[in-house]
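Okay, so here's the structure we're looking at.
Chains as they are written, first to last, in UniProt numbering: chain H, 1 to 481; chain Y, 1 to 481.
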């Protein structure tokens with residue numbers, strides 16, 4: 001363990017991870033009397049949550065999202081387990097709620113998941129620029145390509161576009177986005193000068209004339225430059241092409257795995273690729289892991305909470321989510337079947353990985369796996385006092401070279417309040433969490449890098465090459481097409 | 001003039017019409033020292049405006065929108081006049097700001113313009129349901145098909161889809177929307193029952209299996225029923241197919257013309273069509289006209305304000321907007337040319353219609369036309385004391401059988417504050433405006449019809465046939481495909 005007195009300890013990035021759906025990541029826990037997550041369609045719930053998180057100095061709220069339901073479990077094409085248990089279904093649209101949360105806060109960030117597959121880049125660029133303006137630069141975009149057939153079918157596709165091809169399209173999509181967000185307007189294009197009558201200098205706005213394989217977008221962008229221009233970019237690719245995409249585009253990388261060891265190599269590889277292939281400073285890729293802390297004033301209190309949660313959650317809801325995430329329908333296996341011994345290599349490797357991290361679970365039946373998912377999703381549940389949880393988080397940070405955590409909640413907002421009241425003070429005591437935002441009233445990027453003034457993409461980011469800076473003539477500005 | 005004491009006088013619908021753009025409808029008036037419209041990207045501006053409008057009991061705020069700039073004037077393909085003068089360019093995305101305004105109000109409605117041409121219905125249905133939830137049923141959707149080539153090109157089209165064909169596609173689009181919003185979930189599908197563990201009864205959620213010419217959408221809708229299910233539907237069709245569309249779908253119809261006589265026949269024809277062809281009660285089509293009042297404590301004060309506005313506004317900005325709206329490039333005509341005498345029949349008929357309503361303007365040059373547009377857009381400017389303006393509004397209501405007005409602002413928010421402080425008290429004195437919302441904390445539909453309990457589409461609306469009511473078995477529910 002590092003010396004808690006050491007003044008230069010890395011300050012962690014701490015986000016609250018939620019969905020706009022009952023129970024969010026914790027299937028069935030809307031049944032807990034303290035849980036308020038079934039108010040996911042109530043503006044007052046989100047406004048209050050934003051205030052709670054900002055008071056505790058969370059970096060941001062991260063809203064996961066999908067455009068379809070999970071239909072693998074007891075499937076094929078069976079949404080009933082999700083629908084019945086309220087497991088990420090219904091699921092309302094996250095970008096819509098941000099302005100209300102922004103209006104009552106000044107430094108909290110808002111990272112929203114939006115897929116590149118179901119919305120035209122010109123349309124999404126406008127939505128993102130708008131919200132970055134309205135939040136004064138506190139928007140993050142979690143780039144996903146969408147993976148659910150159930151979503152794809154609703155856009156007229158017979159099934160989801162094949163995985164690697166989605167990334168090929170996403171790659172061009174990002175080019176269009178950078179051109180619109182960074183290259184179409186000069187930083188100082190807007191003059192807003194009543195004297196001269198010039199609102200915007202037309203010589204500082206240009207078409208992007210993107211002509212590509214998948215998109216033809218002449219531009220110009222219909223929005224003037226927002227505080228961050230490009231929102232903070234987040235991504236969670238774990239496949240080969242996903243990692244290459246993250247190495248190029250992501251500023252914050254989400255990792256999810258049962259143990260620090262299981263995510264360490266992904267992180268190291270992505271950072272290495274970012275450096276070698278794209279010339280980026282690997283320290284500019286902030287890696288945060290999804291974990292679910294269950295906190296008590298005593299260890300026994302925490303364990304008791306956890307036991308209650310497991311009882312209240314929904315096994316069917318958990319297995320429905322697992323089906324969607326992995327494509328595996330565990331309904332085909334018996335109640336008592338040891339999943340580490342089944343024929344499917346995919347199932348064996350998943351459960352073996354989890355069993356190493358949770359040696360307390362003796363038999364990995366589908367119900368045991370569901371119990372793991374119920375509390376915070378398919379991520380490590382860390383149970384104990386603030387000291388115990390902080391010790392475990394420190395172990396993760398050291399072994400995986402992490403920069404922070406996305407905390408999912410068992411009970412919303414109670415679990416976040418526990419984190420604020422118990423865990424964050426302990427992390428602060430250890431020098432691992434800031435006393436206040438690096439830049440109060442600043443952008444999400446400034447606060448995520450803890451670099452005042454870093455509102456836009458860092459210079460080594462591939463998107464920065466498109467940036468049309470103040471004072472630069474159009475002819476000398478970076479290529480826009 | 002009707003007797004002001006008459007108790008049963010029709011109460012008017014009053015909306016504030018804006019854009020998320022400098023000056024909104026009044027090109028160049030961001031130059032006025034009192035004008036705050038260049039804060040269109042500032043959340044605090046919108047939050048304050050919503051509070052101001054609700055305190056004055058406006059029915060709602062109406063946000064116009066377009067996805068491209070105006071490029072006809074001094075064209076072709078020339079955005080510079082718009083860009084330079086800040087005339088509806090930049091223009092940020094309106095649905096994003098609604099939740100912030102909803103969080104500080106309880107009865108004010110929010111009507112937002114969204115095109116059917118540039119976003120998939122499954123995606124838009126989700127965005128609309130989400131905002132209808134977050135506002136507790138205070139959302140209106142102004143259905144447009146999009147008309148600007150500059151927008152269409154950014155979605156990969158070489159130019160905008162031909163006018164009538166856009167309405168054919170929009171017709172199918174509406175079917176998909178009704179199926180998702182009205183037919184996919186039963187009113188009482190969500191149980192949220194911790195005892196039984198049932199969040200949603202799966203037998204009350206169904207696919208819509210829409211297979212059509214332009215869209216294939218199996219569903220189900222990913223959002224549970226919002227308070228209004230379908231947002232209040234607004235439309236502004238004036239062409240033959242546009243009127244047929246409005247007669248079928250619109251609950252609120254926007255009209256825009258220089259005089260009551262010029263809009264009366266449109267209103268009468270649309271209502272007649274609604275009754276004869278679609279079996280709707282013509283009183284269920286609420287017609288509101290766009291007008292811009294310029295108010296003073298004395299007539300001279302009002303006239304002086306108006307003279308100032310005309311001086312401060314932008315002729316080029318006005319002619320750029322005119323170009324976009326009509327497709328006519330007036331830069332081709334001389335400064336002194338009388339537009340009623342030019343060869344173009346389109347220009348002649350527009351200016352002749354305006355000249356009848358404004359006999360004070362002796363010569364209709366392009367500058368004279370621009371001066372008309374500068375104050376509130378291509379709509380009648382009504383200048384005078386509250387009494388004078390109210391008299392003129394009464395004349396409009398009677399001659400055109402109107403239900404209310406969309407007020408555009410010369411100066412935002414000052415013009416709306418003038419309306420609140422001078423005009424609305426006068427209308428109230430005449431029994432033409434309510435003392436308070438018909439349903440405090442109610443839905444936009446309840447307050448627009450002034451019928452408590454009318455949260456959903458009226459029974460005679462074509463969309464109502466899709467409504468899956470509480471307690472009805474799936475087999476007996478209206479056809480979903």
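We treat Cβ as the ideally placed atom computed from N, Cα and C, and that holds for glycine.
Which first and last residues belong to the beta strand (DSSP E) in which residue 482(Y) is found? Look at the range of chain Y in this structure, 1 to 481, and you will see that residue 482(Y) is not part of it.
Beta-carbon proximity list for residue 2(H), same chain, < 8 Å, skipping 5 on both sides: Low confidence applies to residue 2(H): its pLDDT is 47, below 50, so where it sits in the model is not reliable, and the reading given next is rough at best. The answer, listed in chain order, is 9, 394, 398.
I'd like to confirm the pairing. Which residues does DSSP put opposite residue 185(Y) in its beta bridges? 205(Y)
Beta-carbon separation of residue 116(Y) and residue 170(Y) under 8 Å? yes
Express the C-alpha separation of residue 205(H) and residue 515(H) in angstroms, rounding to a whole number. No answer is possible for residue 515(H): the residues shown for chain H start at 1 and end at 481.
Quickly, what does DSSP pair residue 247(H) with across the bridge? List them, please. DSSP lists no partner for residue 247(H).
For residue 69(Y), would you say it is in contact with chain H, using Cβ-to-Cβ distances shorter than 8 Å as the test? yes
Within 8 Å, strictly: CB atoms of residue 214(H) and residue 119(Y): no
Nearest-angstrom beta carbon gap, residue 370(Y) and residue 319(Y) [assumed within contact, 8 Å]: 5 Å
Output, in sequence order along the chain, the residues in the region 352-386 of chain Y whose CB is closer than 7 Å to any CB in chain H. none
Take residue 160(H) and list the residues in its own chain whose beta-carbon comes closer than 6 Å to its own, dropping the five residues that flank it on each side. 149, 152
N- and C-terminal bounds of the alpha helix (DSSP H) containing residue 406(Y): Element bounds for residue 406(Y): not the alpha helix (DSSP H) but the beta strand (DSSP E), 404-408.
8 Å contact criterion, which residue 69(H) and residue 222(Y) should meet: CB distance rounded: 7 Å
Can you tell me whether residue 49(H) is helix, strand or coil according to DSSP? helix
I need the boundaries of the alpha helix (DSSP H) containing residue 323(H), first residue and last residue. 315-326
Report the three-state DSSP secondary structure of residue 384(Y) (helix, strand or coil). strand
Helix, strand or coil at residue 443(Y) according to DSSP, with G and I counted as helix: coil
DSSP bridge partner residues for residue 286(Y) (one or two, in chain order): 252(Y)
Residue 366(Y) and residue 330(Y) closer than 8 Å at C-beta: yes
Any chance the region 49-66 of chain Y sits against the region 408-425 of chain Y, with 3 or more Cβ pairs inside 8 Å? yes
Taking a contact to mean a Cβ-Cβ separation below 8 Å, would you say residue 400(Y) touches residue 423(Y) in this structure? no
Please classify residue 416(H): does DSSP put it in a helix, a strand, or coil? helix
Using 10 angstroms around the beta-carbon of residue 409(H), count the other beta-carbons present and answer buried if the total reaches 16, otherwise exposed. buried
If contact means a Cβ-Cβ distance below 9 Å, which residues of the region 95-108 of chain Y contact chain H? 95, 96, 97, 98, 99, 100, 101, 102, 103, 104
Helix, strand or coil at residue 14(H) according to DSSP, with G and I counted as helix: strand
Out of curiosity, what's the CA-to-CA distance linking residue 440(Y) and residue 47(H)? 22 Å
Would you please verify whether the beta carbon of residue 92(Y) is less than 8 Å from any beta carbon of chain H? yes
Measuring CA to CA, which of 44(Y), 368(Y), 281(Y), 388(Y) is closest to residue 336(Y)? 368(Y)
Quick check: what's the CA-CA separation for residue 251(H) versus residue 121(H)? 20 Å
For a minimum of 4 consecutive residues, which ranges assigned as the alpha helix (DSSP H) are wholly contained in the region 33-108 of chain H? 43-55, 80-85, 98-103
Which class does residue 481(H) belong to by DSSP, given the choice of helix, strand or coil? In this prediction, residue 481(H) scores a pLDDT of 48, lower than 50, which makes its location untrustworthy; no coordinate-derived value is stated.
Is residue 4(H) buried or exposed, if buried means 16 or more other CB atoms sit within 10 Å of its CB? Because residue 4(H) carries a pLDDT of 49, less than 50, the predicted location of this residue cannot be relied on, and no value is offered for it.
From this set, 29(Y), 445(Y), 96(Y), which residue's C-alpha is nearest residue 88(Y)'s C-alpha? 29(Y)
Beta-carbon separation (whole angstroms), residue 284(H) vs residue 460(H), contact threshold 8 Å: 6 Å
Given 8 Å, three or more beta-carbon pairs between the region 373-383 of chain Y and the region 286-301 of chain Y: yes
Who are the Cβ neighbours of residue 36(H) in its own chain at under 7 Å, not counting the five residues just before and after it? 45, 412, 413
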